[in-house]
Amino acid sequence: MHKAGDVVLGGLFEIHFFAVYPELSFTSEPQQPTCDGFDVLGFTQAQTMAFTIDEINRNSHLLPNVTLGYSLYDNCNQLGIGFRAALSLASGQEDQVTLHEPCVGTPPVLGIVGDDSSTRSIAISNVLGLYRVPMVSHYSTCSCLSDRKKFPSFFRTIPSDAFQVRAMIQILKHFGWTWAGLLISDNDYGLHAARSFQSDLGPSGGGCLAYTEILPWTDNPAELRRIVDVMKKSTARVVIVFAHEGHMIDLMEEVVRQNVTGLQWMASEAWTAAAVLQTPHLMPYLGGTLGIAIRRGEIPGLREYMLQIRPDLHHNSYGNNMVRFWEYTFQCRITPPPAGWVEAGGALCTGQENLENVETEFLDILNLRPEYNVYKAVYALAYALDEMMQCKPGRGPFSGHSCGNLKRLEPWQLVYYLEKVNFTTPFGDEVSFDENGDALPIYDIMNWQWLPDGRIKVQNVGEVKKSAFKGEELTLDEDKIFWNFESKEPPRTVRRESCPPGTRMARKKGEPECCFDCIPCSEGKINNKTDSMECTSCPEDFWSSPQRDHCVPKKIEFLSYHEPLGICLTATSLLGTFICAVVLGIFTYHRKTPIVRANNSELSFQLLFSLKLCFLCSLLFIGRPRLWTCQLRHAAFGISFVLCVSCILVKPMVVLAVFKASKPGGGASLKWFGAVQQRGTVLVLTSVQAAICVAWLVSSSPAPYKNTQYHNDKIVYECVVGSTIGFAVLLGYIGLLAILSFLLAFLARNLPDNFNEAKLITFSMLIFCAVWVAFVPAYISSPGKYADAVEVFAILASSFGLLVALFGPKCYIILLRPERNTKKAIMGRGNTKS
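For the sequence shown, my numbering assigns the number 438 to the initial residue and increments by one for each residue that follows.
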């Protein structure tokens, strides 16, 4: 269809479903293919463009001094034919171009409306984009066409498939459908949609694709059986089909053959309005389908324009699409039929038939969807041209502030204005293009309803749109939706039960990408959300609860006064202190008796006092470690035991000195071990330990420490010794004195005396050394509070050993055998031996 004008707009429409190619004989010039299978919807879209241009020409406010023309081509649903038509539009008809005319002036066409296929639009825009020829599609939805680098002059008035996918995902989320199957066509339309679904619907989108299958282009019964079998076996009850109605026709034949019911279908805009599928035969299967549909619009005056269409039977050849439309609508034939024409039967066409007397989709102007997009596309080109015509020289946007004009118009100049188009249709929809050439997206949501009287109705039940201010919005009227299930309610389709808090989602190997198992969070990590991919670590002083859904403070562990072990040790320490006090009382009361006086009563009192300190210092190891207790506990322990062992060490020294003095010429040795020398010796030996403790505290003082290495879920409060060398020197000094005491006592054990204390000292030092030798490995291998318990046990055991070994026999004689607590009894045995 052609109409002359000052500026010509091109159009590419699918007037026929397929093309018939002649056989190649290679002996003559190949004939052009013929188109067959009349498509009334494509014809309606072409007529809508013609009507829109006529309406613009009648508008005195839009392009007042410019007449628009059009040149519309049929692509026959073939890439080769559509591509050839686009190049003819962009470069001009071959018979109109001469080699002597320069290529200047108004281009053959200012812009092209079309194509209606993403694949064809990709191919055509790849070429036209090199010359910046604007192309505004009304039906190409592939998200790939939003790539401005590849398609710099491509625009469209239909939303991208990326938005259509997001619209479907919003519907899935609205009804809680997290487990769905996807069927796609094997072309750019389906493959790009599948990529968008996989990226947007996955785990982060709250849904999952149970399967993704590619529908075959040709009749392939085996492949269709396999696909339908996958649908039957899957637990997903929602099936999304991103394909053309031709794919659905073949698929539904197999669905009916296998009687696959109970599915909730979701349709892409390519087949939502397919009347060929809306039949009583298929509604038991497709009833309740939710589909995304192109925005419905209203075009005032279009019906009247359509009713005026008449074929010119005298001047139009049979190849004219208007004649094809007339024959298709009225089921008549032209006389005489052309050569090769197969008679359609029925009456002859007169050209005067009344369109109002037949029921045809051509006049269904109440359901204008792709036609409305054509209407907007033509107006977008017209408004861009009008804006350019209003440019004032010297204030233009181009080089040197120049303006574009019809005499020397460059296509890229119109692209510049097309990018800035912004107008509102009479239906109230705003039309503008974003930086990718996409219009503000809006879709209607349709529902296939099977009415009780057997009629089939496609009902508008909502819309999804994106605005510049509110973002994406989904509006659904659920009361209007027909569900093709016995419950008359939306189906439940989930991939599995949700992963509860305390678990994370882990992908199943070999399963679809978004199929997961619920794995409990590891220790120390939590998750308080449903269907989370990761568990988060608790803070340092916290640990995961048994349910792994929240963090709880770590248990604090130390040798406490409130636990059985601490209570036992405390009680034992106080018992030892009490016994020391009792023994001290006994010795004080019987201080003038021979057995007390014979065993150096002053050193015995000092020894009892130091043992009391040893028992009490063990209490510093019990309770929550503080800085002062950590610093004091080892110092008090070290000094107390050195004081104790020093007193014991001096005793055998005195015994040896006395025995030596009893021999001829040995009286001088006693002056070195008088009372003052004994006190001095104890003081000096204890001062050495005090100096060690002071040096230790000054250089590397013990301090409290929160240890988390022993148990992950506990904080063990302990005292670190600071300097291991200091601790070793402290213990080593005590051990040195103990060994010296043992050796001296061992040498004096057989000295003649009825009550020789050296034997008791020897035995007590054996106990003392055995306890502390066993202490070292036990202390090193005991963690946390048990190390403190081992040290307290060693202190108490050694203290009790000394107390019982040294003072037990004496108390026995004082209390139970007083007849032996006499000077005669003590001296008697010694005289006999002499």
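Built from N, CA and C at the ideal position, the CB exists for glycine as well.
From a predicted model like this one, the values you see are computed outputs, not experimental measurements.
Nearest to residue i by CA position, among the options, is which residue?
{"i": "Pro1089", "options": "Leu1184, Lys1049, Pro470, Thr1145", "result": "Leu1184"}
{"i": "Arg740", "options": "Val1019, Ile686, Glu798", "result": "Glu798"}
{"i": "Phe979", "options": "Val989, Arg985, Met970, Ser705", "result": "Val989"}
{"i": "Ser981", "options": "Thr726, Lys1151, Pro589, Phe488", "result": "Lys1151"}
{"i": "Ile651", "options": "Asn964, Leu688, Arg1028", "result": "Leu688"}
{"i": "Cys936", "options": "Glu923, Asp986, Lys991", "result": "Asp986"}
{"i": "Leu1057", "options": "Gln1068, Ala599, Ser1047", "result": "Gln1068"}
{"i": "Tyr809", "options": "Val901, Gly865, Leu446, Gly699", "result": "Gly865"}
{"i": "Ser508", "options": "Ile621, Lys440, Leu516", "result": "Lys440"}
{"i": "Leu619", "options": "Gly613, Ile606, Phe612, His611", "result": "Ile606"}
{"i": "Ala1072", "options": "Val1125, Val1113, Ile1023", "result": "Val1125"}
{"i": "Cys1005", "options": "Gly1117, Asn859, Gln482, Leu1233", "result": "Leu1233"}
{"i": "Tyr1170", "options": "Ala487, Val1229, Leu1080, Ser555", "result": "Leu1080"}
{"i": "Trp708", "options": "Val678, Val697, Lys1029, Lys610", "result": "Val678"}
{"i": "Arg585", "options": "Arg603, Ile559, Cys1017", "result": "Ile559"}
{"i": "Val693", "options": "Thr1007, Pro717, Val1229", "result": "Pro717"}
{"i": "Met883", "options": "Ser580, Leu661, Gly1163, Ala704", "result": "Ala704"}
Span of the alpha helix (DSSP H) holding residue i?
{"i": "Asp666", "result": "658-670"}
{"i": "Cys472", "result": "Counting along the chain, Cys472 falls outside any alpha helix (DSSP H), though it belongs to the beta strand (DSSP E) covering 471-475."}
{"i": "Asp954", "result": "That residue, Asp954, is in no alpha helix (DSSP H); its beta strand (DSSP E) goes 953-957."}
{"i": "Leu398", "result": "Here the chain comprises residues numbered 438 to 1271, so residue 398 is not present and cannot be evaluated."}
{"i": "Thr1009", "result": "1001-1026"}
{"i": "Asn563", "result": "555-565"}
Count the other CB atoms within 10 Å of the CB of residue i; is the residue buried (16 or more) or exposed (fewer)?
{"i": "Arg747", "result": "exposed"}
{"i": "Arg1254", "result": "exposed"}
{"i": "Trp1133", "result": "buried"}
{"i": "Gln695", "result": "exposed"}
{"i": "Leu1050", "result": "buried"}
{"i": "Val534", "result": "Unreliable placement is indicated for Val534, whose pLDDT of 42 sits below 50; no coordinate value is reported for it."}
{"i": "Ile595", "result": "buried"}
{"i": "Tyr568", "result": "exposed"}
{"i": "His999", "result": "exposed"}
{"i": "Asn428", "result": "Missing from the structure shown is residue 428; the chain here goes from 438 to 1271 and no further."}
{"i": "Phe455", "result": "exposed"}
{"i": "Ser754", "result": "The predicted model places Ser754 with a pLDDT of 43, which falls under 50 and marks its position as unreliable, so this point remains unresolved."}
{"i": "Asp553", "result": "buried"}
{"i": "Arg593", "result": "buried"}
{"i": "Phe835", "result": "exposed"}
{"i": "His1027", "result": "buried"}
{"i": "Met1149", "result": "Note that residue 1149 is Asn in the sequence shown here, rather than Met. By the neighbour-count rule (16 or more Cβ atoms within 10 Å), Asn1149 is not buried but exposed."}
{"i": "Val1135", "result": "exposed"}
{"i": "Glu910", "result": "exposed"}
Following the continuous beta strand (DSSP E) through residue i, name the residue where it begins and the one where it ends.
{"i": "Gln789", "result": "Unbroken run through Gln789: none, as it is neither H nor E."}
{"i": "Glu909", "result": "908-913"}
{"i": "Tyr1154", "result": "1151-1157"}
{"i": "Ile1171", "result": "Not the beta strand (DSSP E): Ile1171 falls in the alpha helix (DSSP H), residues 1161-1184."}
Determine the contact status of residue i and residue j, defining contact as a CB-CB distance below 8 angstroms.
{"i": "Gly1003", "j": "Leu1011", "result": "no"}
{"i": "Val550", "j": "Gly448", "result": "yes"}
{"i": "Gly874", "j": "Phe463", "result": "no"}
{"i": "Ala1215", "j": "Val1227", "result": "yes"}
{"i": "Ser1083", "j": "Leu1203", "result": "no"}
{"i": "Ala814", "j": "His575", "result": "yes"}
{"i": "Gln601", "j": "Tyr812", "result": "no"}
{"i": "Leu547", "j": "Val444", "result": "yes"}
{"i": "Leu1290", "j": "Val898", "result": "The question about residue 1290 has no answer, for the chain in this structure spans 438 to 1271."}
{"i": "Trp887", "j": "Phe922", "result": "no"}
{"i": "Ile621", "j": "Thr649", "result": "yes"}
{"i": "Leu1181", "j": "Leu1093", "result": "yes"}
{"i": "Cys975", "j": "Lys962", "result": "yes"}
{"i": "Leu478", "j": "Asn494", "result": "no"}
{"i": "Leu714", "j": "Glu691", "result": "no"}
{"i": "Ala730", "j": "Ala710", "result": "yes"}
{"i": "Val676", "j": "Met685", "result": "no"}
Give the DSSP bridge partners of residue i, in chain order.
{"i": "Pro990", "result": "Phe979"}
{"i": "Thr1199", "result": "Partner(s): none; Thr1199 has no beta bridge."}
{"i": "Phe455", "result": "Asp473"}
{"i": "Asp875", "result": "Arg593"}
{"i": "Asn884", "result": "Leu727, Gln896"}
{"i": "Ile963", "result": "Thr973"}
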